[in-house]
Amino acid sequence: MGKTEKKHWLLNLLIVVTIIVVALAFTAHYKNWVKTEKEELEILSGIYFVKISYADMDSVTMVDKIPSMERINGFSVKEREKGVFKEDSLSTNKVYVYVDKLSQQKIRLVYQDSMKLFLNMPDSTETELMYQFLSNKINPPKE
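The opening residue of the sequence shown carries number 3 in my numbering; numbering runs sequentially from there.
In C-alpha coordinates:
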(Lines of atoms letter the chains of each structure in order from A and count residues from 1; the text may use other names and numbers.)
(Lines give C-alpha, C1' and ligand atoms only; values in the text may rest on other atoms or scores of the structure.)
Protein backbone atom coordinates (compact mmCIF):
# COMPACT_ATOMS: atom_id res chain seq x y z
CA MET A 1 0.00 0.00 0.00
CA GLY A 2 2.86 2.41 0.75
CA LYS A 3 4.47 2.08 -2.71
CA THR A 4 1.24 2.93 -4.53
CA GLU A 5 0.76 6.12 -2.48
CA LYS A 6 4.35 7.13 -3.20
CA LYS A 7 3.88 6.64 -6.97
CA HIS A 8 0.69 8.71 -6.95
CA TRP A 9 2.48 11.49 -5.06
CA LEU A 10 5.29 11.56 -7.63
CA LEU A 11 2.83 11.52 -10.54
CA ASN A 12 0.82 14.37 -8.99
CA LEU A 13 3.99 16.41 -8.51
CA LEU A 14 4.98 15.82 -12.14
CA ILE A 15 1.53 16.95 -13.33
CA VAL A 16 1.66 20.14 -11.23
CA VAL A 17 5.17 21.02 -12.45
CA THR A 18 4.12 20.42 -16.08
CA ILE A 19 1.09 22.69 -15.69
CA ILE A 20 3.24 25.44 -14.16
CA VAL A 21 5.81 25.22 -16.99
CA VAL A 22 3.09 25.35 -19.67
CA ALA A 23 1.42 28.34 -17.94
CA LEU A 24 4.75 30.21 -17.80
CA ALA A 25 5.47 29.49 -21.48
CA PHE A 26 2.00 30.69 -22.46
CA THR A 27 2.40 33.89 -20.40
CA ALA A 28 5.81 34.60 -21.92
CA HIS A 29 4.49 34.21 -25.50
CA TYR A 30 1.06 35.74 -24.87
CA LYS A 31 2.15 39.20 -25.98
CA ASN A 32 5.21 41.25 -26.87
CA TRP A 33 6.83 42.85 -23.86
CA VAL A 34 8.33 46.11 -25.14
CA LYS A 35 10.50 48.30 -22.95
CA THR A 36 11.71 51.71 -24.08
CA GLU A 37 14.89 52.76 -22.36
CA LYS A 38 16.75 56.04 -22.74
CA GLU A 39 19.16 54.71 -25.39
CA GLU A 40 17.58 51.49 -26.65
CA LEU A 41 14.47 49.48 -27.34
CA GLU A 42 14.08 46.04 -25.75
CA ILE A 43 11.57 43.47 -27.02
CA LEU A 44 10.86 40.19 -25.26
CA SER A 45 8.43 37.60 -26.53
CA GLY A 46 8.87 34.22 -24.88
CA ILE A 47 12.35 32.95 -25.68
CA TYR A 48 12.93 35.66 -28.29
CA PHE A 49 14.72 38.79 -27.08
CA VAL A 50 16.24 41.66 -29.02
CA LYS A 51 17.85 44.89 -27.87
CA ILE A 52 18.25 47.70 -30.44
CA SER A 53 20.00 50.98 -29.88
CA TYR A 54 18.08 54.00 -31.21
CA ALA A 55 21.31 55.17 -32.86
CA ASP A 56 21.41 51.94 -34.93
CA MET A 57 17.90 52.42 -36.33
CA ASP A 58 17.80 53.38 -40.00
CA SER A 59 14.11 53.48 -40.90
CA VAL A 60 10.69 52.74 -39.52
CA THR A 61 7.53 52.28 -41.61
CA MET A 62 4.05 50.83 -41.21
CA VAL A 63 3.18 47.86 -43.44
CA ASP A 64 -0.01 45.87 -43.95
CA LYS A 65 1.64 42.50 -44.60
CA ILE A 66 4.92 40.84 -43.78
CA PRO A 67 6.70 39.45 -46.85
CA SER A 68 6.99 35.75 -47.55
CA MET A 69 10.01 34.44 -45.65
CA GLU A 70 11.66 31.17 -44.64
CA ARG A 71 11.34 30.38 -40.92
CA ILE A 72 14.57 29.49 -39.09
CA ASN A 73 12.74 28.95 -35.81
CA GLY A 74 9.57 30.22 -34.23
CA PHE A 75 5.87 29.53 -34.37
CA SER A 76 2.53 30.61 -35.78
CA VAL A 77 -0.72 30.32 -33.86
CA LYS A 78 -3.89 31.87 -35.27
CA GLU A 79 -2.97 35.58 -35.66
CA ARG A 80 0.42 35.36 -33.91
CA GLU A 81 3.69 35.01 -35.80
CA LYS A 82 6.89 35.02 -33.77
CA GLY A 83 10.41 33.93 -34.41
CA VAL A 84 13.51 34.32 -36.52
CA PHE A 85 13.20 34.19 -40.31
CA LYS A 86 15.33 34.58 -43.46
CA GLU A 87 14.20 36.73 -46.38
CA ASP A 88 14.97 33.90 -48.81
CA SER A 89 17.10 30.79 -49.04
CA LEU A 90 20.12 32.76 -50.31
CA SER A 91 20.05 35.51 -47.70
CA THR A 92 22.05 35.31 -44.49
CA ASN A 93 20.31 38.25 -42.79
CA LYS A 94 17.92 37.36 -40.03
CA VAL A 95 14.48 38.97 -39.81
CA TYR A 96 12.90 39.09 -36.36
CA VAL A 97 9.11 38.85 -36.30
CA TYR A 98 7.10 39.76 -33.19
CA VAL A 99 3.55 40.00 -34.54
CA ASP A 100 0.64 39.62 -32.13
CA LYS A 101 -2.08 40.25 -34.71
CA LEU A 102 -1.43 39.49 -38.40
CA SER A 103 -4.60 41.28 -39.55
CA GLN A 104 -3.40 44.65 -38.20
CA GLN A 105 -0.64 46.91 -39.45
CA LYS A 106 2.90 46.13 -38.41
CA ILE A 107 5.95 48.27 -37.71
CA ARG A 108 8.83 47.46 -40.07
CA LEU A 109 12.08 48.52 -38.47
CA VAL A 110 15.41 48.43 -40.32
CA TYR A 111 18.52 48.72 -38.17
CA GLN A 112 22.28 48.24 -38.53
CA ASP A 113 21.90 48.88 -42.29
CA SER A 114 20.23 45.57 -43.20
CA MET A 115 18.67 43.92 -40.14
CA LYS A 116 14.86 43.91 -40.16
CA LEU A 117 12.23 43.52 -37.50
CA PHE A 118 8.44 43.37 -37.73
CA LEU A 119 6.46 44.25 -34.62
CA ASN A 120 2.92 44.94 -33.54
CA MET A 121 0.80 44.70 -30.43
CA PRO A 122 -2.70 43.26 -29.95
CA ASP A 123 -4.09 46.80 -29.75
CA SER A 124 -3.65 48.86 -32.94
CA THR A 125 -3.49 52.07 -30.87
CA GLU A 126 -0.45 50.75 -28.99
CA THR A 127 1.19 49.86 -32.29
CA GLU A 128 0.52 53.36 -33.65
CA LEU A 129 1.96 54.97 -30.49
CA MET A 130 5.08 52.79 -30.74
CA TYR A 131 5.45 53.74 -34.41
CA GLN A 132 5.24 57.47 -33.53
CA PHE A 133 7.73 56.99 -30.70
CA LEU A 134 10.25 55.20 -32.96
CA SER A 135 9.74 57.72 -35.78
CA ASN A 136 10.57 60.53 -33.36
CA LYS A 137 13.70 58.68 -32.21
CA ILE A 138 14.94 58.25 -35.79
CA ASN A 139 13.86 61.69 -37.07
CA PRO A 140 13.49 64.00 -34.07
CA PRO A 141 10.98 66.83 -34.61
CA LYS A 142 12.60 70.18 -35.37
CA GLU A 143 12.06 72.90 -32.81
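All C-beta atoms, glycine included, are put in the ideal place defined by N, C-alpha and C.
If you reduce the DSSP assignment to three classes, tell me which class residue i lands in.
i	result
Leu-92	coil
Lys-33	coil
Asp-66	coil
Lys-144	coil
Ile-74	strand
Lys-103	coil
Asn-138	helix
Taking the CB atoms as reference points, tell me whether residue i and residue j lie closer together than 9 Å.
i	j	result
Tyr-50	Val-101	no
Arg-82	Leu-46	no
Tyr-56	Leu-43	yes
Met-64	Gln-107	yes
Asn-138	Ser-116	no
Ile-74	Lys-84	no
Just checking my contact of residue i with residue j at CB under 8 Å: how many whole Å lie between their CB atoms?
i	j	result
Phe-120	Val-99	5 Å
Val-52	Tyr-133	With a Cβ gap of about 17 Å, Val-52 and Tyr-133 do not count as contacting.
Near residue i, what residues of its chain come up, given a Cβ to Cβ distance below 8 Å and the 5 sequence neighbours on each side ignored?
i	result
Asp-90	Met-71 and Glu-72
Ile-140	Tyr-56, Met-59, Asp-60, Ser-61 and Val-62
Per DSSP, which residues does residue i bridge with? Please list them.
i	result
Ile-54	Leu-43
Leu-111	Val-62 and Leu-119
Phe-87	Arg-73 and Val-97
Thr-38	Leu-43
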